[in-house]
Amino acid sequence: MDRRCSAGGGPCVTGGWLEEVRSLVGPRGVVTRTSAVAYESDGLTMERGEGAAVVLPRDTAETARVMRVLARHGVPIVPRGAGTGLSGGATPVSGGVTIGTARMRGVLAIDALERTAHVQAGVVNADLSRATAPHGLFYAPDPSSQAACTLGGNVANNSGGPHCLLHGNTSRHVRGLVLVDASGEVIDLMPTGPDPEGLDLVGVTVGSEGMFGVVAEVLLNLQPLPETVETVLAVFPTLDAACDCVTDAIAARLEPSAIEILDRLTIEAVEDSVFAAGYPREAEAVLLVEAEGGAAEVDATVADLVALAERHGCMEVRRAQDAGERARLWAGRKGAFGAMGRVAPDLYVADVVAPRTRLREIVALSTEIARERGLKLANVFHAGDGNLHPNISYDRRDEDEVRRVLEAGRLIMEACIERGGSLTGEHGVGLEKQAHMCDVFGDDDLGVMHRVRDAADPERRLNPGKTLPVRACREARGTGLPTDPREVAL
Ligand SMILES: Cc1cc2nc3c(=O)[nH]c(=O)nc-3n(C[C@H](O)[C@H](O)[C@H](O)COP(=O)(O)OP(=O)(O)OC[C@H]3O[C@@H](n4cnc5c(N)ncnc54)[C@H](O)[C@@H]3O)c2cc1C
6 MDRRCSAGGG PCVTGGWLEE VRSLVGPRGV VTRTSAVAYE SDGLTMERGE GAAVVLPRDT
66 AETARVMRVL ARHGVPIVPR GAGTGLSGGA TPVSGGVTIG TARMRGVLAI DALERTAHVQ
126 AGVVNADLSR ATAPHGLFYA PDPSSQAACT LGGNVANNSG GPHCLLHGNT SRHVRGLVLV
186 DASGEVIDLM PTGPDPEGLD LVGVTVGSEG MFGVVAEVLL NLQPLPETVE TVLAVFPTLD
246 AACDCVTDAI AARLEPSAIE ILDRLTIEAV EDSVFAAGYP REAEAVLLVE AEGGAAEVDA
306 TVADLVALAE RHGCMEVRRA QDAGERARLW AGRKGAFGAM GRVAPDLYVA DVVAPRTRLR
366 EIVALSTEIA RERGLKLANV FHAGDGNLHP NISYDRRDED EVRRVLEAGR LIMEACIERG
426 GSLTGEHGVG LEKQAHMCDV FGDDDLGVMH RVRDAADPER RLNPGKTLPV RACREARGTG
486 LPTDPREVAL
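When the letters of the sequence shown are read in order and numbered with this note's numbering, they come out as residues 6 to 495.
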C-alpha cells in the first residue's frame with residue numbers, strides 16, 4: 006500500500022520546527038522529503054509511506070532536544086534503526102518525522118569483568134561482537150540481518166536469531182536502557198546495582214516497537230566465547246524428514262545452540278548467489294546445526310543429533326573442518342533472504358511460531374496455501390524454536406500477485422494460530438500484523454496494552470498507526486484498520 010502524503014496517507018506535517026531541528030543537529034543531520042526515498046519503507050517493501058523529514062541526532066542529549074521541539078509542535082515520530090525490519094515497523098505512515106540512529110554508533114564502554122557493553126542504539130549488531138572479541142566475549146542474539154541491523158532495533162523488536170535457541174532472544178540480554186520519551190525527557194533505566202529494583206520498565210520497553218520512546222543507549226550482557234564450537238550440515242531427502250528430526254531432537258532434550266532448516270528452493274537460490282556455501286543441490290532440505298560449550302558436551306550433543314538424523318533418513322552429514330568452513334555455512338544461511346532476490350524482485354517473509362510438535366504439518370500447510378495461489382514459497386527458518394519463515398517471492402508491481410501474497414500470509418498466520426502457534430516470533434507486529442492482533446487478543450487485553458502505552462505517550466505520537474489496533478476488534482474485523490493516530494476508540 007502506498008501511504009505517501011500525496012496519495013491520501015497520513016498528513017505530511019510541516020511547520021517552523023524544521024529549521025529549529027536543523028539548527029540542533031546540523032545540515033547533515035536532516036534528510037528532507039525529496040531525498041528520503043531510502044526511508045520510505047523497511048524490509049516489508051509492499052508498504053510505503055512518506056514522512057516530512059528524517060532527523061539523525063548524534064547522541065542522547067541531541068535526541069532529547071530534537072524531541073522536545075517535535076513535542077511542542079505535536080509532530081508524530083517514527084524511530085528507526087537500519088530499516089531491516091520485516092513488518093513495516095519503521096515505515097513512516099503518519100507523515101511525521103523519522104528519528105534515525107545512523108549517527109549513534111558508539112560503543113561507549115565494555116566491562117569485561119561484569120561482561121557488559123554500554124552502547125549507543127545505532128551500533129550494528131555484528132559490530133558489537135567484533136568489538137568485544139578481544140576480551141573473549143560476544144553478544145549472543147544474532148539476527149540473520151546482523152551485518153546491518155542495529156541494537157536499538159533489536160531491542161524494539163525483541164529480536165531473535167539462529168543462536169537464540171540456546172541463548173534466548175534480546176530480552177534476555179538487556180540490562181538497562183536510556184530512553185527519550187515523547188516529550189523529550191531522558192528516562193534513565195540503567196541498573197543502580199547488581200539486582201534490578203522496582204518495576205521492570207526495561208522489560209516493558211523491550212519489544213515495544215518504538216511506541217515508548219527512542220531507545221538512545223543500551224546496556225547489554227555479553228557471553229564468554231565458547232571453548233568449543235561444532236557446526237554440522239545434515240542433508241535430507243525430504244523437508245518432512247528434516248522437520249521430524251527437529252521435533253524429535255527437541256523431545257529428546259538435546260541442546261544445540263542452533264538448528265536451522267533450509268529447503269530446496271532456498272538452497273538453489275543460495276548456491277546461485279554470492280552467498281554460495283556448498284550446500285548440496287540434490288537435497289530437499291538441510292539442517293544446519295551448531296553446538297557450543299565444553300568439548301565433551303559438544304561431542305555428545307553432536308553424536309546424538311547425527312544418530313537421530315540418520316534415523317530420519319539423513320543422506321549425508323558434513324562437519325565444518327575449520328572456522329572458515331563454519332563461516333561459509335553460516336554465510337549461506339544468513340544470506341538466504343538476500344539470495345532470494347534472484348527468484349523475484351520482492352520477498353514477503355512471514356514470521357510465525359509453530360508448536361515444535363507440529364512443524365511438519367504447518368510447513369506443509371504453508372506450502373500448500375502458496376501453491377493454491379500460484380505463488381513460489383521457500384522455507385528457511387529457526388527450526389529449533391519453531392520460528393517459521395515461509396517466504397514468498399513476488400513482484401510488487403503486480404497488484405494481483407500482491408493481493409495473493411497478502412492472502413497467503415494471512416492464511417498462514419491463521420493456520421498457525423489455530424494450531425496453537427503464535428503471530429510473530431521475532432519480526433514484530435508493525436503494520437503487517439496489526440489487524441491480526443485481534444485474532445489472539447480480545448478488546449480487554451488490547452485495552453490494557455493501550456493503557457500501558459498511554460502512560461508512556463499519552464498523545465500517541467510515537468510510532469502511531471502500528472502494532473496496536475486502535476479500533477475495537479469487532480469493529481475492525483473486515484473493515485481494515487485505520488492508521489490515523491488520532492482515531493482512538495479503545
Ligand atoms: C535479511 C534479513 C534477515 C533477518 N533475520 C532476522 C532474524 O534472524 N531475527 C530477527 O529477529 N529479525 C530478523 N530480521 C528482521 C530485522 O532485521 C530485525 O527486526 C531487526 O531487529 C531490526 O533492526 P533495525 O535496526 O533494522 O530496525 P528498524 O527496521 O529500523 O526498526 C524496527 C522497529 O524498531 C523500532 N526502532 C528502531 N530503532 C529504535 C530505537 N532506537 N528506539 C526505539 N525504537 C526503535 C522501529 O520504530 C521499528 O518499529 C531480518 C531482516 C532481514 C532483512
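Positions of the beta carbon are idealized from the N, C-alpha and C atoms, including for glycine.
In this structure, Val185 sits near Ala69, with a CB-CB distance shorter than 8 Å. Ranked by how close their Cα comes to the Cα of Ala383, the residues Val291, Leu428 and Pro167 have Val291 in first place. Unbroken beta strand (DSSP E) stretches of 3 residues or longer found wholly inside the segment 180-243: 191-194, 219-226 and 233-241, given in chain order. Non-local C-beta neighbours of Gly414 in its own chain, meaning closer than 7 Å and more than five positions away in sequence, comprise Tyr353 and Ala355, ordered along the chain.
Closest in alpha carbon position to Ala57, among Val30, Gly21 and Leu29, is Gly21. As summarised for the segment 258-293, the continuous beta strand (DSSP E) elements at least 3 residues long and confined to that stretch are 263-268, given in chain order. For the options Leu225, Leu293, Arg363 and Arg323, the alpha carbon positioned closest to that of Ala256 is the one of Arg363. Measuring C-alpha to C-alpha distances from Leu170 to each of Thr65, Cys421, Cys443 and Val358 identifies Val358 as the nearest. Assignment of alpha helix (DSSP H) within the segment 352-409, counting only whole runs of 4 or more residues, yields 364-377 in chain order. If the five residues before and after Ser150 are omitted, its C-beta is found closer than 7 Å to the C-beta atoms of Thr89, all from its own chain and listed in chain order. Contact annotation: the segment 258-273 does not touch the segment 154-162, with fewer than three C-beta pairs closer than 8 Å. In the three-state reduction of the DSSP assignment, Glu412 falls in the helix class.
Here Gly346 carries a helix assignment [DSSP, helix/strand/coil]. Nearest C-alpha to Asp205 among Pro229, Leu227, Arg180 and Val223: Arg180.
Rounded to the nearest whole angstrom, the C-alpha separation of Gly198 and Glu119 is 12 Å.
Relative to Thr37, the option among Thr50, Cys248 and Ile104 whose CA is nearest is Ile104. For Ala296, same chain residues with a beta-carbon under 7 Å away, outside a window of 5 residues either side, are Glu235, Pro261, Ser262, Val303, Thr306 and Val307 in chain order. Shown here, Ser164 sits in coil according to DSSP, grouped into three states, outside any helix or strand.
Taking 8 Å as the upper bound for CB-CB distance, His168 and Asp193 are not in contact here, some 30 Å apart.
With 16 or more other Cβ atoms inside 10 Å of its own Cβ, Arg361 counts as buried. Cα atoms of Gly299 and Ala325: separation of roughly 17 Å, rounded to the nearest angstrom. Around the beta carbon of Glu315, a 10 Å sphere encloses fewer than 16 other beta carbons of the protein chains shown; the residue is thus reported as exposed. Contact between the segment 91-101 and the segment 134-141 is absent: fewer than three C-beta pairs spanning the two stretches fall below 8 Å.
Using a Cβ-Cβ distance cut-off of 8 Å, the segment 220-231 and the segment 465-477 are not in contact, since fewer than three pairs of beta carbons, one from each stretch, lie closer than that value.
DSSP, read as helix, strand or coil, puts Val128 in coil. Distance from Asn226 to His178 at the Cβ level is roughly 5 Å; contact confirmed, criterion being Cβ atoms closer than 8 Å.
Around the beta carbon of Ala301, fewer than 16 other beta carbons lie within 10 angstroms, which makes this residue exposed. Contact between the segment 450-462 and the segment 422-439 is absent, with fewer than three C-beta pairs closer than 8 Å. If you look at Gly337, you'll find it in the alpha helix (DSSP H) that goes Ala328 to Lys339. The Cβ atoms of Asp351 and Asp400 lie closer than 8 Å to each other. Per DSSP, the continuous beta strand (DSSP E) segment holding Thr37 begins and ends at Val35 to Thr37. Between Gly101 and Val80, the C-beta gap is smaller than 8 Å, which places the two residues in contact. With a cutoff of 8 Å on beta-carbon distance, Leu334 and Ala282 are scored as near each other. If one requires a minimum length of 4 residues, the alpha helix (DSSP H) runs lying completely within the segment 52-85 are 65-77, in chain order.
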